[in-house]
Ligand code: NAD
């Protein structure tokens with residue numbers, strides 16, 4: 032087991048990994064604290080029916096490491112961490128489960144702060160909050176998705192300016208995958224800016240709403256990679272930038288909310304060689320964590336909108352450096368993060 036964890040590619044010098052269990056509630060959770068050089072580790076809690084414990088460990092390490100990079104580039108005074116609860120979010124959730132997680136976080140004394148993620152909600156976080164104050168994303172105003180969507184939109188604007196030398200989205204075609212919490216709001220902003228939308232989702236209701244409200248054209252789940260578009264906006268799944276899709280995409284810009292868009296690290300360079308400007312996922316989708324961090328640290332919210340909009344400036348810097356140094360945008364973004372958090 033030890034050999035597996037320390038040799039795991041994503042272990043990457045995690046400061047601390049905690050296995051938390053509580054038999055009465057059935058809690059089996061893993062809390063990963065990747066790096067706290069910039070402040071307490073912050074990142075959401077995912078609940079997922081993992082096939083096995085190794086898959087859960089792999090996921091939490093990968094996500095936790097990613098949060099360190101995301102939080103550092105976003106200029107937040109926090110480090111990176113993540114937690115996963117092993118279980119079915121549709122069947123296994125109880126208030127006691129999340130209270131037990133709260134007790135586990137309390138034992139960490141604030142080194143890690145959680146929030147909602149895939150499979151968890153503000154209501155679950157309210158149960159965590161019964162046992163600890165090291166939790167954010169609470170209440171009606173806790174939803175970070177509109178801020179993630181805003182970050183994606185300003186990110187797309189920066190990419191259009193760099194790649195197409197245009198200040199306007201008018202008439203550009205965006206192939207958008209996933210009309211969920213983030214994707215729909217991002218699509219609305221693109222529509223209001225004059226872009227034409229081609230959308231794919233497995234949720235028929237979301238598709239029809241986008242057709243009615245935003246004039247979107249609907250295509251099949253797999254056909255989204257083949258459509259003639261200027262921008263590909265992945266807002267559903269990870270790993271959609273892979274050798275197959277890169278050979279099919281017509282868009283010369285990728286800007287979307289999904290985490291871990293590159294199937295493998297070398298896909299960043301593959302995008303560059305194909306002339307695709309890739310807005311690194313952890314830079315462009317940081318709007319939500321900016322919102323959660325402001326809430327947790329009680330930072331006055333009047334500067335929050337401007338902070339999210341600075342994602343556009345950061346991306347402009349990433350794109351310019353990538354050009355100047357002949358590097359993939361993903362490599363440049365990693366270097367900017369590492370310069371901030373590595374001591
Ligand atoms: P969500 O679950 O609300 O939306 C996902 C959407 O994708 C749903 O409408 C779903 O039906 C659709 N979908 C699922 N499989 C699909 C497929 N094969 N093809 C097309 N569509 C499919 O999630 P969300 O909160 O909108 O997050 C979207 C992505 O952005 C996720 O990868 C998430 O990790 C990432 N992200 C979200 C936030 C946030 O603030 N919510 C922040 C950072 C990153």
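Residue numbers (this note's numbering): 32 to 374. Even for Gly, the Cβ is constructed at its ideal location relative to N, Cα and C.
Same chain, Cβ closer than 7 Å to residue i, five either side skipped, listed in chain order
i	result
residue 185	340, 342, 343
residue 169	153, 156, 157, 160
residue 256	276, 279, 280
Same chain only: Cβ atoms within 6 Å of residue i, ignoring 5 sequence neighbours per side
i	result
residue 70	108, 109, 110
residue 298	272
residue 49	62
residue 75	146, 147, 148
residue 77	115, 148, 149, 150
Cβ-based burial, residue i [other Cβ within 10 Å; buried from 16]
i	result
residue 235	exposed
residue 314	buried
residue 311	buried
residue 239	exposed
residue 279	exposed
residue 188	buried
residue 370	exposed
residue 223	exposed
residue 303	buried
residue 214	buried
residue 308	buried
residue 199	exposed
residue 119	exposed
residue 334	exposed
residue 377	Lying outside 32 to 374, the shown extent of the chain, residue 377 is not represented and no answer is given.
residue 114	buried
residue 322	buried
residue 172	exposed
residue 117	buried
residue 295	exposed
residue 101	buried
Identity of the residue in the options nearest residue i by Cα
i	options	result
residue 96	122, 66, 76	66
residue 25	173, 81, 289	Here the chain covers residues 32 to 374 and nothing more, so residue 25 does not appear.
residue 180	359, 167, 191, 216	216
residue 141	173, 241, 72, 82	72
residue 306	345, 291, 357	357
residue 167	372, 101, 320, 303	320
residue 162	176, 138, 149, 148	138
residue 208	350, 174, 232	232
residue 328	349, 164, 174	164
residue 228	247, 243, 212	247
residue 98	316, 351, 36	316
residue 338	52, 106, 135	106
residue 85	266, 68, 40, 121	40
Beta-carbon contacts of residue i that lie in its chain and below 8 Å, excluding the five residues immediately before and after
i	result
residue 347	189, 192, 193
Every unbroken alpha helix (DSSP H) inside the region 314 to 357 [4 residues or more]: The qualifying runs are 318 to 327, 335 to 356.
Starting from the N-terminal side, write out each stretch of the alpha helix (DSSP H) that is 4 residues or longer and does not extend beyond the region 75 to 152. 84 to 104, 126 to 138
Does the region 252 to 269 come close enough to the region 190 to 204 to have 3 or more Cβ pairs within less than 8 Å? Cβ pair count under 8 Å is three or more, so yes.
Give a yes or no on contact between the region 188 to 195 and the region 281 to 288, applying the rule of three or more CB pairs nearer than 8 Å. yes
If we count Cβ pairs, one from each stretch, closer than 8 Å, do we get three or more for the region 115 to 129 versus the region 53 to 60? yes
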